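Step one of this worksheet: look at the structure below.
In the UniProt record's numbering, the protein residues as written are 1 to 444.
Structure below.
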């Protein structure tokens with residue numbers, strides 16, 4: 001049963017009134033060293049709302065226009081500064097953002113992607129004919145694979161109303177504008193205005209003049225020329241497994257219980273390494289399995305002001321031999337991840353292009369959208385039932401996973417699990433990867 005999505009023509013939404021003097025039209029804002037690496041990278045999030053609101057698309061569009069008054073730079077464009085090179089800026093010209101209203105032919109409950117799989121391990125491979133095509137219809141994407149071209153808007157938004165009254169908000173934005181926490185802050189502001197507030201409760205800040213330089217903790221491996229045929233996976237790591245890792249760490253190492261992200265990262269790292277690297281025909285005793293993960297430095301290091309919505313994320317890296325990762329206990333991997341989070345990273349830096357290309361597929365990149373604010377967005381009918389993302393292998397920094405909040409409508413005991421959207425293994429390794437996760441769940 002296919003879902004038909006009908007889209008209205010795209011329109012431009014501009015600020016509903018002139019901006020405050022602090023972001024007057026025509027001013028430019030320098031991008032920080034945290035922003036500049038991401039100015040060609042699009043990110044797409046989906047917020048699934050089960051409860052209807054009155055004329056969802058019109059309500060959100062009106063609130064979006066109001067919010068752009070306070071978040072005026074979002075209505076601007078990225079331009080080159082007078083310094084040349086990497087002197088990039090946001091020109092606050094009020095040209096607006098793209099908005100599309102859409103309707104879907106079915107109810108949310110009919111959409112396979114929003115339901116938890118009952119397969120072993122709570123993991124399943126999404127299918128191109130259903131999930132990926134539907135996601136293509138639930139958001140607006142940049143015409144090219146990348147963004148940041150002349151005239152490209154910084155935000156593309158779509159609101160799709162389903163036959164049940166529920167709706168999905170799809171937001172695609174230029175990562176150079178904001179990280180996930182920054183975009184979540186903006187969507188919360190849109191929600192507050194949609195619910196009748198006269199202004200956002202948090203005063204937004206976009207100037208990054210007082211931020212320190214971005215610490216370069218890790219280097220990204222050189223991308224190989226041929227595209228990777230990565231399978232798109234929807235995985236649930238259950239609370240029973242996460243709690244088991246925490247209990248083992250507390251009992252054996254006498255440590256404070258680890259975070260959910262640390263436990264999930266360790267599980268994904270080992271299972272992927274076993275399935276995609278150690279079992280591969282090209283694996284050698286010296287094959288590496290680096291883990292890279294995003295760390296939010298807003299308060300920990302850069303002391304960003306309250307309301308700042310630019311990028312404050314850097315990467316940490318743990319580099320270890322693939323066979324070491326594959327044979328390690330999960331709690332050992334948790335401790336390695338913890339040391340990296342604290343800034344103590346392994347010195348096994350990749351030194352040559354050949355070595356970098358060798359580990360392009362071996363490197364796993366993780367980020368977490370748990371509790372960064374998307375889950376608090378409320379446009380009048382309550383907070384989202386599920387927060388998701390769209391992983392497009394063609395624009396990823398390599399095999400990647402995004403850890404999300406669980407679907408709160410799950411009826412199978414999955415509440416408290418961690419949802420993971422993954423594009424981290426080739427099609428040929430997907431079955432083995434899911435099997436490793438299932439066996440670990442059964443063992444724990």
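Glycine included, C-beta positions come from ideal geometry on N, C-alpha and C. Quick caveat: nothing in here was measured; it's all calculated off a predicted structure.
Own chain, CB closer than 7 angstroms to residue i, minus 5 neighbours either side, in chain order
i           : result
residue 457 : With the chain covering 1 to 444 only, the question about residue 457 has no answer from this structure.
residue 330 : 245, 266, 267 and 270
residue 148 : 39, 40, 78, 174 and 176
residue 278 : 322, 323 and 326
residue 376 : 188 and 383
residue 107 : 162, 163 and 164
residue 137 : 5
residue 207 : 29
residue 305 : 205
Contact set for residue i: own chain, Cβ-Cβ below 8 angstroms, skip 5 residues either direction
i           : result
residue 134 : 3, 5, 111 and 113
residue 351 : Bear in mind that the predicted position of residue 351 carries a pLDDT of just 39, short of 50, making it too unreliable to give a figure here.
residue 286 : 321
residue 225 : Caution is warranted here: a pLDDT of 48 is assigned to residue 225, below 50, making its placement in the model unreliable, and the coordinate value is therefore given only provisionally. Correct list: empty, nothing qualifies.
residue 146 : 40, 41, 42 and 395
Pick from the options that is closest to residue i, judged by C-alpha positions
i           : options               : result
residue 12  : 403, 155 and 379      : 155
residue 323 : 138, 307, 274 and 311 : 274
residue 101 : 139, 200, 287 and 88  : 139
residue 209 : 288, 303 and 162      : 303
residue 87  : 276, 435, 420 and 33  : 33
residue 288 : 328, 362 and 252      : 362
residue 181 : 193, 199 and 204      : 204
residue 211 : 254, 30, 202 and 421  : 30
residue 441 : 37, 241, 26 and 305   : 241
residue 237 : 76, 403 and 74        : 403
residue 35  : 179, 425 and 85       : 179
residue 14  : 153, 251 and 159      : 153
residue 93  : 74, 305 and 257       : 74
Contacts around residue i, its chain only, beta-carbon distance under 6 angstroms, and the 5 residues preceding and following it disregarded
i           : result
residue 292 : 218, 315, 317 and 365
residue 378 : 191
residue 81  : 87 and 89
residue 129 : Because residue 129 sits at a pLDDT of 43, beneath the cut-off of 50, its placement in the model cannot be relied upon, and the point is left open.
residue 99  : 11, 13, 61 and 157
Rounded separation between residue i and residue j - CA only
i           : j           : result
residue 343 : residue 374 : 27 angstroms
residue 72  : residue 369 : 25 angstroms
residue 142 : residue 319 : 34 angstroms
residue 299 : residue 214 : 14 angstroms
residue 261 : residue 429 : 23 angstroms
residue 345 : residue 290 : For residue 345, the predicted model reports a pLDDT of 46, less than 50, meaning its position is unreliable and no value from the coordinates is stated.
residue 7   : residue 19  : 30 angstroms
residue 360 : residue 401 : 15 angstroms
residue 445 : residue 197 : Outside the shown range of the chain, which is 1 to 444, sits residue 445, and nothing can be said about it.
residue 249 : residue 434 : 24 angstroms
residue 235 : residue 399 : 15 angstroms
residue 202 : residue 104 : 34 angstroms
residue 10  : residue 144 : 17 angstroms
residue 151 : residue 390 : 23 angstroms
residue 95  : residue 310 : 19 angstroms
residue 199 : residue 276 : 50 angstroms
residue 420 : residue 26  : 41 angstroms
residue 157 : residue 328 : 43 angstroms
residue 91  : residue 76  : 5 angstroms
residue 395 : residue 243 : 34 angstroms
residue 170 : residue 436 : 32 angstroms
residue 438 : residue 385 : 25 angstroms
residue 28  : residue 166 : 39 angstroms
residue 392 : residue 183 : 19 angstroms
residue 247 : residue 341 : 21 angstroms
residue 251 : residue 367 : 28 angstroms
residue 109 : residue 186 : 28 angstroms
residue 259 : residue 297 : 17 angstroms
residue 256 : residue 83  : 49 angstroms
residue 254 : residue 284 : 35 angstroms
Rounded distance between the beta-carbons of residue j and residue i, thought under 8 angstroms
i           : j           : result
residue 50  : residue 229 : Not really, about 34 angstroms apart at Cβ, beyond 8 angstroms.
residue 423 : residue 232 : 5 angstroms
residue 295 : residue 418 : Not quite, the Cβ-Cβ distance comes to about 18 angstroms (not below 8 angstroms), so this is no contact.
residue 45  : residue 313 : The Cβ separation is near 15 angstroms, so there is no contact.
residue 333 : residue 168 : In fact, because the Cβ distance is near 35 angstroms, the residues do not count as touching under 8 angstroms.
residue 307 : residue 52  : Their Cβ separation, rounded to whole angstroms, is 31 angstroms, which puts residue 307 and residue 52 out of contact at 8 angstroms.
residue 60  : residue 194 : 6 angstroms
residue 37  : residue 172 : Not really, about 18 angstroms apart at Cβ, beyond 8 angstroms.
residue 272 : residue 159 : About 35 angstroms; that fails the 8 angstroms criterion.
is_contact[residue i, chain D] using C-beta, thresh 8 angstroms
i           : result
residue 257 : In the displayed structure, chain D is absent; only one protein chain is listed.
contact_flag[the stretch 321-339, the stretch 51-59] where n(CB pairs < 8 angstroms) is 3 or more
no
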